[in-house]
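**Q** Before I ask anything, let me first share the structure, which is written out below as structure tokens.
There are 2 protein chains.
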Amino acid sequence: MAKEVTSKDENYSLWYNNLVVKADLAENSAVRGCMVIKPYGYAIWEKMQAALDRMFKETGHKNAYFPLFIPKSFLSREAEHVEGFAKECAVVTHHRLMTNPDGPGVVVDPSARLEEELIVRPTSETIIWNTYKNWIKSYRDLPILCNQWANVVRWEMRTRLFLRTAEFLWQEGHTAHATREEAIEECERMINVYAKFAREYMSLPVIVGRKTESERFAGAIDTLCIEAMMQDGKALQAGTSHFLGQNFAKAFGVQYASREGSLEYVWATSWGVSTRLMGALIMAHSDDHGLVLPPKLAPIHVVMVPIFKTDDERKAIIEKMNSLKTEIEAQGFTVEIDDRDNLRSGFKFAEWELKGVPVRIAIGPRDLQNGTVELARRDTLQKESVGSEGIGTYVRDLLDDIQKNIYRKAYDFRESRVCKVDTYDEFKRKIEEGCFVLAHWDGTSETEARIQEETKATIRCIPIDTYPDNGKGSCIYSGKPSSGRVVFAKAY
Amino acid sequence: MAKEVTSKDENYSLWYNNLVVKADLAENSAVRGCMVIKPYGYAIWEKMQAALDRMFKETGHKNAYFPLFIPKSFLSREAEHVEGFAKECAVVTHHRLMTNPDGPGVVVDPSARLEEELIVRPTSETIIWNTYKNWIKSYRDLPILCNQWANVVRWEMRTRLFLRTAEFLWQEGHTAHATREEAIEECERMINVYAKFAREYMSLPVIVGRKTESERFAGAIDTLCIEAMMQDGKALQAGTSHFLGQNFAKAFGVQYASREGSLEYVWATSWGVSTRLMGALIMAHSDDHGLVLPPKLAPIHVVMVPIFKTDDERKAIIEKMNSLKTEIEAQGFTVEIDDRDNLRSGFKFAEWELKGVPVRIAIGPRDLQNGTVELARRDTLQKESVGSEGIGTYVRDLLDDIQKNIYRKAYDFRESRVCKVDTYDEFKRKIEEGCFVLAHWDGTSETEARIQEETKATIRCIPIDTYPDNGKGSCIYSGKPSSGRVVFAKAY
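Residue numbers (the numbering used here), protein chains in the order written: chain A, 1 to 492; chain B, 1001 to 1492.
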């Protein structure tokens, strides 16, 4: 192989970074912490966006766009929000450069200082609720169901491609409702949209759950989340949906006249997923050969590699490939014929495996004679010889099977790493082994913090739709009463 | 009408602003110069994006994403580029806020000053060519055909919704080629993609042309553009495509090994359109009743308004509407039934006219009896009674006709305002009347500047595909020889 990938077992972190860079998904840029998303990586993100955007619209949401900049004072309006987001962020202080009077290049023009500094949005609750104030007068203006696709900036000190970058791409939904019940329902609806997307498109078996108080979004009353297990047994939070209560409505003075004529504060939710999902996708399914992409998010579904010695053979094989390509594309899939003349087929095989293309079709002169093709699936690396007749439906069914198999594999992996534990000793051992540990907890932030200090494990969520357990028990740490098991794990 | 719009003839500028705000397209935000794009406005932008994105992909381009921030020093690398873009821009100087030690709120943490200031991208040539440096080694890596959809910031002093805002949304294509000829071909291909999009989707009869030296993009060898006439006779530049020569390759040291083994600098293009297109769309077609949207960009194609007195009538009409809706939607169009119970139908008619929905269908009890509907088209405001049988294909054909009619109307308007002029006196008169003036020019920047000073008219372009005129003549200003007529106009 031309591009060697570090083995997953040898160095998981390096393996991940190798994949991202060598499969041409993303790379670090000249700007600290900011990444370049390369065309192949961006094509996957576009597929994610398209599926999510469709699901948002089906649930009644509309896209809009709010400013990149937030006046500094807005951040302070909501007391908890400022604690969470006003720390590490990009601050715009000036609006002009000028020719350097003392040498080459340009310098900041000291006379162009802004009256109030602007923050590059780390999240948009404040600027959006300041806007909603003007949109909402009466109950007839509600609900407002907006989403925006945008870039945000959080000045992270330790960055990793896709998982934690200073700038990242995301969507943020911001909804306004007349009642508490309706906002809670929306919050739940959207975490379920995320769960469905993760399971059906990303082949990612996520757990839907609720964050503990200390892990909540800054300014939220309740945070729901989806949590996924990576192949090192660590958890990755893949999406969150927040019930914000009336916190932002009160901070920005957003009230509506109810049907009965009284003036009420508006109820809010916000929810988001980001390019972090790319990290989850890569980490959950890939192997030492490279990416393993679920067909529904693969930019290329089938790659065809011709095997030939003579020019005549090449010509006949490419002709055959073009006709098979048409048949497969008619099923709605994307096919690429790798006709590069300067590379051996072994090199090509390795490269497309690295890039995670779900199905590879190779055709040699013998195949041409026999009316067969050699078909290799990326998820299992199995090869088979099949007749080229009816290739379109064959590939369609195969891709469907691959999509399900990738999910099943990730599901089985997680199941093999989930355990119920009732003593702190076993807890520590299982956390060290890289497990999701279902354990009783006394419900206090103190215990949660102690456990994290001692084991680096955090409460990923109080599970709702997977491993729900409301049986009473005793906290593994304090021995105090617990009203159900929660999911502990080390996390990204 | 509930929301009155200032008449176009009375105050064109106020009329425009009224439309943007009252039709719920966009509004000013709390951040100076930054707009909020509201859901209805964003839905139009999404339709523009979808059509353009498809056309980019059909011509072989792939999307990618590059950082929001540009190191200050990058801007100085290309001599002309820094002149054009390093003036008014948002400068990030710090990466942290802290609790105000002297009072409430947060302040910039003076210890978190960046070593090198970051500029919020006003355009991305520099950061992208710095990246391409690592992507390009040999002729086999070329061409690179990337596009990005992104936000950019230029600190404009006088802003107008969509036309000139501090932050705006756009796409920027950045391509790298082995030869000069290939880059020039790409530059021409993309201006033609823009022209096709403007004409076929926006119903906008644009002129494809070449910018004079003084109007060129900062850092370009050649800038091609599409120019459209607004209803006040002013020109609006709707898109540009730049041949950048080897300027950025040289500034960032991007060379490739040719097939013959020599080391060559790479050739570049860049091209972009922005949310400014929204301004062009609104200004080109709307009237005193509101927006007039070409069907291909309308978020809602057909609105249905029930006319009734009794509850039974209402029920029967809505039932009928639902069945017609299904028929029309089967043709691929979007239909909305305006069933709001608190508004008169006259108010609804006015509101949907304001929003520019191409077709309105009203059904009353008599229509129900007769099997007819009242159909009103937004472009001509004509009404007709038609049978509800076969409504799907009828509406399809009607929308097609509306799309063409809007183009024809804008085309005829422009033709009525274009004139060839051979004396400077007539030139000044025609410019004052709001015309596109085709006149001879001596080819010098001095004459161009003088004319602009005296008349506010600029050379919009040296026309290529519309009004091309390579006949020799004498400059209207200097009397010196001219090699063809150029398009003069006042511009946005």
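Glycine is no exception: its CB is placed at the ideal position from the N, C-alpha and C atoms.
Let me know the secondary structure DSSP gives Y1040 (chain B) once reduced to three states.
**A** helix
**Q** May I ask you to report which of helix, strand or coil DSSP gives S445 (chain A)?
**A** helix
**Q** Is the distance from the Cβ of D287 (chain A) to the Cβ of K8 (chain A) below 9 angstroms?
**A** yes
**Q** Just confirm the distance between the C-beta atoms of K1234 (chain B) and K1490 (chain B), as a whole number of angstroms; I'd bet it's less than 8 angstroms.
**A** 5 angstroms
**Q** With DSSP run on the structure shown, which of helix, strand or coil describes H61 (chain A)?
**A** H61 (chain A): coil per DSSP, three-state reduction.
**Q** Counting only beta-carbon separations shorter than 9 angstroms, does Y1065 (chain B) have a partner in chain A?
**A** yes
**Q** Measuring straight from C-alpha to C-alpha, what distance separates D465 (chain A) and A268 (chain A)?
**A** 24 angstroms
**Q** Based on DSSP bridge pairs, tell me the residues matched to T1269 (chain B).
**A** As DSSP reads the structure, T1269 (chain B) sits in a beta bridge with B:T1175 and B:F1243.
**Q** Do the region 1437-1450 of chain B and the region 1220-1235 of chain B touch if we need at least three Cβ pairs shorter than 8 angstroms?
**A** Verdict: no, contact absent.
**Q** From this set, B:D1367, B:H1285, B:R1485 and B:K1062, which residue's C-alpha is nearest T1423 (chain B)'s C-alpha?
**A** B:R1485
**Q** Throw me the rounded Cβ distance for the Y1256 (chain B) and I1136 (chain B) pair, which I believe falls under 8 angstroms.
**A** 5 angstroms
**Q** Alpha carbon to alpha carbon, how far is R1344 (chain B) from P1295 (chain B)?
**A** 26 angstroms
**Q** So which residues on chain B does T131 (chain A) lean against when the C-beta distance must stay under 7 angstroms?
**A** S1029 and V1036
**Q** Short of 6 angstroms in beta carbon distance, which residues of its chain neighbour G1473 (chain B), apart from the five on each side in sequence? Order them along the chain.
**A** Within the same chain, G1473 (chain B) has close Cβ partners H1440 and S1482.
**Q** Going by the DSSP bridge assignment, what does M1304 (chain B) pair with across the sheet?
**A** Answer is B:I1337 and B:I1361.
**Q** A1043 (chain B) and P1299 (chain B) look like a contact to me (Cβ under 8 angstroms); what is the Cβ gap, rounded to whole Å?
**A** 4 angstroms
**Q** Taking V305 (chain A) as the query, report the chain C residues whose CB atoms sit under 7 angstroms from its CB, ordered along the chain.
**A** Looking for chain C here will not work: the only protein chains present are A and B.
**Q** Look at L1354 (chain B) and K1022 (chain B) and say whether their C-beta atoms are less than 9 angstroms apart.
**A** yes
**Q** Would you decide whether S13 (chain A) is buried or exposed? Buried here means 16 or more other CB atoms lie within 10 Å of its CB.
**A** exposed
**Q** Enumerate in chain order the residues of its own chain whose CB-to-CB distance from L1204 (chain B) is below 6 angstroms, with the five nearest sequence positions on each side excluded.
**A** A1198, A1228 and A1284
**Q** Is S203 (chain A) helix, strand or coil by DSSP?
**A** coil
**Q** Note the first and the last residue of the continuous alpha helix (DSSP H) segment covering Y1012 (chain B).
**A** Y1012 to K1022
**Q** Please confirm if the region 1234-1250 of chain B is in contact with the region 1442-1453 of chain B, defined as three or more CB-CB distances below 8 angstroms between the two stretches.
**A** no
**Q** Could you check whether T1093 (chain B) and T93 (chain A) sit closer than 9 angstroms to each other, using their CB atoms as the reference points?
**A** Note that the C-beta distance between T93 (chain A) and T1093 (chain B) is below 9 angstroms.
**Q** Going along chain A in order, which residues have a C-beta closer than 8 angstroms to the C-beta of W1155 (chain B)?
**A** Neighbours of W1155 (chain B) in chain A, taken as residues whose beta carbon is under 8 angstroms from its own, are H95 and R96 in chain order.
**Q** From A89 (chain A) to E167 (chain A), what does the alpha carbon distance come to, in whole angstroms?
**A** According to the sequence displayed, residue 89 (chain A) carries Cys and not Ala. Cα to Cα, C89 (chain A) sits roughly 10 angstroms from E167 (chain A).
**Q** For the putative contact between E116 (chain A) and S73 (chain A), defined by C-beta atoms under 8 angstroms, what is the C-beta separation to the nearest angstrom?
**A** 6 angstroms
**Q** Name the chain A residues whose beta carbon is nearer than 8 angstroms to that of E1167 (chain B)?
**A** P67, L68 and F69
**Q** Buried or exposed: where does R1460 (chain B) fall if 16 or more other Cβ atoms within 10 Å of its Cβ makes it buried?
**A** Label assigned to R1460 (chain B): buried.
**Q** Given a limit of 8 angstroms on CB to CB distance, which residues of the region 203-225 of chain A reach chain B?
**A** none
**Q** Only counting the same chain, and skipping five residues up and downstream in sequence, which positions put a Cβ closer than 8 angstroms to that of M1304 (chain B)?
**A** M1321, L1324, K1325, V1335, E1336, I1337, D1338, R1360, I1361, A1362 and I1363
**Q** Only counting the same chain, and skipping five residues up and downstream in sequence, which positions put a Cβ closer than 7 angstroms to that of I1317 (chain B)?
**A** P1306, F1308, I1363 and L1368
**Q** Classify E1493 (chain B): buried if its beta carbon has 16 or more other beta carbons within 10 angstroms, exposed otherwise.
**A** Residue 1493 (chain B) falls outside the range modelled here, since chain B spans only 1001 to 1492, and no answer is possible.
**Q** With 9 angstroms as the threshold, decide whether the Cβ of E46 (chain A) is near any Cβ in chain B.
**A** yes
**Q** Do you know whose CA, among B:F1217, B:T1126 and B:F1162, lies nearest Y1492 (chain B)'s CA?
**A** Residue B:F1162 is the option with its Cα nearest to Y1492 (chain B).
**Q** Can you say whether Q1403 (chain B) is buried or exposed, counting buried as having 16 or more other CB atoms within 10 angstroms of its CB?
**A** buried
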